[in-house]
Structure formats: C-alpha cells, structure tokens
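Remarks on the structure that follows.
There are 2 protein chains.
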Amino acid sequence: MRDALRLQLTDLTDRLAETAHDVAQAMADATTSLVDRRLRLAEQVIAGDATIDARRDEIEQRAVAVLALHQPVTTDLRRAVAVIHIADDIERMGDLARHVAEAARRRHPAQAVPEEFRPLLRRLGRTATDMALKAAEVLRTGNVLLAAELDGDDDEMDRLHAEVFTVLMDPGWQHGVEAAVDLTLLARFLERYADHAVAIAKRMIHAVVGGGPDPLPI
Amino acid sequence: MRDALRLQLTDLTDRLAETAHDVAQAMADATTSLVDRRLRLAEQVIAGDATIDARRDEIEQRAVAVLALHQPVTTDLRRAVAVIHIADDIERMGDLARHVAEAARRRHPAQAVPEEFRPLLRRLGRTATDMALKAAEVLRTGNVLLAAELDGDDDEMDRLHAEVFTVLMDPGWQHGVEAAVDLTLLARFLERYADHAVAIAKRMIHAVVGGGPDPLPI
C-alpha cells in the first residue's frame, strides 16, 4: 500500500514536470511570437493553454484521489498537498505565457515592442524559460542544489525587469504611451512567471525535506 | 468523529472569511492611501501583509492536520482541499493590496495618479473591496446566489479596467510615461485582486455542491 502510494506520488510529480516543460515551451514560443511577429505561433500558444488547464485539473483530481484512497500522513501527505499547489503554479505560468502571446496577436502585424527592446525581451523570455525548465528538473529529480540556483536566476530576472523600467522612465522615451503600457505588462507577466518557477522549487523542497513547522495540533 | 471533522472545517472557513475581511480592509486602505496620499496608511497596509501571510500558513497547516487526523472523503475532502486553495487566493489578494500601497509610498509626497483619475481609482478600489467582502460572506454562509453575483461584479471591474486603458491610449494623454506605467500596474493589481475574489466564490461553491467530475480512479 505504501509502495503504491509512493509510486503514485512519483507519477504525479513526473506529470507535473512534463507540464512544467510544456509551459516552458509555451513561454519560449510566446516571446518568439512577440519579438519576431509570428502570428501563427502566438495563436498556437493561446490555443494550447486549454490543454495545460485540463492537465492541471487532471493532476489535482489524481492528487485528491491519492488522499482519499491512501490517506497519507507526514511526508507523503505533504507531497500530495505540494502537488496540488504546484499544479496551480504551472497552470498560472501557462496563463502568463498566453498573455504574452495575446499581446503579440493584439498588435500584429505591428511590432508590439519597439525594435531596440527586442534583445531585452529575448533575454527576459530566455531567462523565464530556463527557470521553468529548471523547475521541471527539480520536480523530476528533487535536486536541492538546482532549486537553490533558481533563486540566483530570479535575481537575474529582477535585474532585467529593473532594466525595462529604467528604459521606460528615461525622459528620452520616444515610443509613446501605448508601447510603454505594453512593455510594462509584458515585463510584469514575465516576472510573475519567474516567481512561480521559484515557488515550485521551494514547495518541492519543502515537501521533500520538510523545513516548515509540523501541522498544528487542532 | 464526523461531527468533529465538520466543526473543524467550518472553523477553517470562518477563519478564511475573517482573513478575506482583512484583505478587503487592506485594499480599501491601500487605495485610500494612494488617492489621498496618506503615507502612514500605506505603511500600515505594507506592514500588515506579514500578518495575512502568517494567517494563510496557519490555516493551511490546520487543513493539512484535518487531512491527517480525519482522513476525510468525498465532500469533506473536497472542502479541505478548497480551504488550501482559498487560503492561497486570499494571501495573494493581500500581496496585491500591498503592491497598491507600495505604489502610494513610492511616489509620496507626489500624487501617484493624476488628479483626474482619482475618482476612477476610487471606484476600482471600492468595487474590488466590495467583491472581497462578498467573497467573505460566501465563505461564511455558502450562499450560492451571492457567489453568482460576484460574476456580475467582475464585469463591472472589467469595465472600469477597460476605462483605464481607454484613457491611457488617448492621444491626448498629458501625464507622461511614468504616470502611465503606474496606472497600468495599479489597474492590473486591482483586476487580479478581483479575479481572486471570484475564484474564492467558485471554489467554495464547487466544494459545497460539487459540480466537477469526481476524482479520477487511479
């Protein structure tokens, strides 16, 4: 029974890792569609988000079924609850990738971001995507060191994010309010996406090694 | 045993309702601090967010303890899982209220939003706050009709949000890029806050009356 439970929990974390992989691809595609004005790619990301939502629902239902059938305690219970949280994080990352693709589609065939910001957007997109891939790897392996690395990546993300705002606030900004609004939201979407990647790693480590206080007696 | 379980679940939803009430107050104070340039009030909201985070942690720990001790199934299990989700939603609403207060503090003693947008910001703040109070009421009472009302409120929120963007995109915008960036983010924070209020009501109704497919057999 205990073995069956462990197998099912591992199966769930594998499914999460796979879905994290998918939202990494979604964000990579979304930023490409944005910077290279590829409408079809943007539409693909937008349409693909429904699959990610469905995957989240399925993973949560399986996690709840594990709770009902195996009634796990301590570490196993913590892992099952972490699965439910992480499924939410991943689903939200899918939404944020969709938002980036929607910005690309909204402005098409115009460029949503001024030419000179394309490299910065590319770097933001690549950093966010790499963080999602690393989160997927943490899910697959439980690698604590990799989880710690994600904190450093998040600093890089914050640096890039600050760079966007420095540019936006420059009195020499020439691109008008519409482009400023777009860039503000895009930077926000990418920053939040990265936050969720960090949250996934933290939840996974917490579930595996504990670290918080034990559940309160009630 | 079943009675004790039910009592504990009701206690948890009451705690959630209380915390939803607190984040409603936090958003009310945050928008007031923003529109009326009240620095002390902004700082109070910012400092208060730690209490909301701690409350979320405690509620989640109690929900996990309920799972461990009572090993609930069907509706009770669904309610315990909903508690964990809703605690996350409320915590996030607290973050968003803090972000609004941080914007007020960042620009102080200057006005973060141009004079003419103060009424619009007030309406956004009031709508968001009312939605949080309604979500608290749904948690306390399980009132399905009130939960349905929140969908309508969210339409009003979307309308106000769209109004912000109409103003921002007007070629006559005179307030520069910095104010545009601030207003874009503020509108986003309030919109997300409202989304979470709607999500709380939906999760609560789903937990009480079901509605989704049963957990998958595994």
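Here the protein sequences line up with chains A and B, keeping their order. For what it's worth, full-length UniProt numbering labels the leading residue of the first sequence as 1, then goes sequentially. For what it's worth, full-length UniProt numbering labels the leading residue of the second sequence as 1, then goes sequentially. Yeah, the Cβ is synthetic: ideal placement off N, Cα and C, and Gly gets one too.
Once you ignore the five residues that flank residue i on each side, which residues in its own chain have a CB closer than 6 Å to its CB?
| i | result |
| --- | --- |
| A187(B) | H161 and V164 |
| I86(A) | L16, I200 and R203 |
| D153(B) | M131 |
| A128(A) | M27, L190, Y193 and A194 |
Would you kindly check if the distance between the Cβ of residue j and the Cβ of residue i is under 9 Å?
| i | j | result |
| --- | --- | --- |
| K135(B) | A20(B) | In the sequence as presented, Lys is not what sits at residue 135(B); that position holds Ala. Result yes, Cβ atoms of A135(B) and A20(B) sit closer than 9 Å. |
| A24(B) | D130(B) | yes |
| G48(B) | A28(B) | no |
| R56(B) | I90(B) | yes |
| A50(A) | A104(A) | no |
| A4(B) | H108(B) | no |
| A68(B) | L145(A) | no |
| A147(A) | I205(A) | yes |
| residue 223(B) | I59(B) | Nothing in the structure corresponds to residue 223(B), since chain B is present only between 1 and 218. |
| T31(A) | L190(A) | yes |
| H88(B) | D88(A) | In the sequence as presented, His is not what sits at residue 88(B); that position holds Asp. Yes, the Cβ-Cβ distance between D88(B) and D88(A) is below 9 Å. |
I need the straight-line Cα distance from residue i to residue j, nearest angstrom please.
| i | j | result |
| --- | --- | --- |
| A17(A) | L34(A) | 26 Å |
| L168(A) | E149(A) | 29 Å |
| T74(A) | L39(B) | 45 Å |
| R126(A) | A82(B) | 35 Å |
| A201(B) | E115(A) | 43 Å |
| P72(A) | E102(B) | 42 Å |
| D95(B) | V138(B) | 21 Å |
| D214(B) | D22(A) | Any answer about D214(B) is weak, because its pLDDT of 46 lies below 50 and its placement is not dependable; what the coordinates show is given next. Going from the Cα of D214(B) to the Cα of D22(A) covers about 26 Å. |
| Q111(B) | H99(A) | 30 Å |
| A194(A) | M157(A) | 7 Å |
| R79(B) | A207(B) | 5 Å |
| V209(A) | A54(B) | 21 Å |
| D151(A) | A97(A) | 21 Å |
| D14(B) | T166(A) | 45 Å |
| G176(A) | L133(B) | 38 Å |
| R106(A) | R37(A) | 11 Å |
| V198(A) | G172(A) | 35 Å |
| D155(A) | N143(A) | 20 Å |
| Q61(A) | Q61(B) | 21 Å |
| Q174(B) | Q174(A) | 14 Å |
| R2(A) | R2(B) | 25 Å |
Once the 5 residues before and after residue i are set aside, which same chain residues still bring their CB inside 8 Å of it?
| i | result |
| --- | --- |
| V113(B) | L34, V35, L121, A179, D182, L183 and L186 |
| T141(A) | none |
| R123(B) | L160 |
| L216(A) | Below a pLDDT of 50, predicted positions are generally treated as unreliable, and L216(A), at 46, falls in that range; no measurement from the model is reported. |
| residue 225(B) | Outside the shown range of chain B, which is 1 to 218, sits residue 225(B), and nothing can be said about it. |
| T10(A) | none |
Going along chain B, which residues have a C-beta under 7 Å from residue i?
| i | result |
| --- | --- |
| T186(A) | The sequence as given places Leu at residue 186(A); Thr does not occur at that position. Per Cβ cutoff of 7 Å: no residues; L186(A) is ~11 Å from chain B at best. |
Excluding sequence positions up to five away, which residues of its chain have a Cβ less than 7 Å from the Cβ of residue i?
| i | result |
| --- | --- |
| R92(B) | H196 |
| V45(B) | A26, D29, A30, S33, A97, R98 and A101 |
Residue i versus chain B: which residues are under 8 Å apart at the beta carbon?
| i | result |
| --- | --- |
| L124(A) | Correct list: empty, because the minimum Cβ distance to chain B is about 16 Å. |
| V73(A) | A68 |
List the residues of chain A that residue i touches, going by C-beta distances under 9 Å, in chain order.
| i | result |
| --- | --- |
| M157(B) | The contacting residues do not exist; M157(B) stays about 17 Å from chain A at best. |
So which residues of chain B does residue i contact, with C-beta pairs closer than 9 Å?
| i | result |
| --- | --- |
| V81(A) | E60, A63, V64, L67, V81 and I84 |
| M169(A) | V177, E178 and V181 |
Which bits of chain A does residue i rub up against, with CB to CB less than 7 Å?
| i | result |
| --- | --- |
| L77(B) | V64, L67 and A68 |
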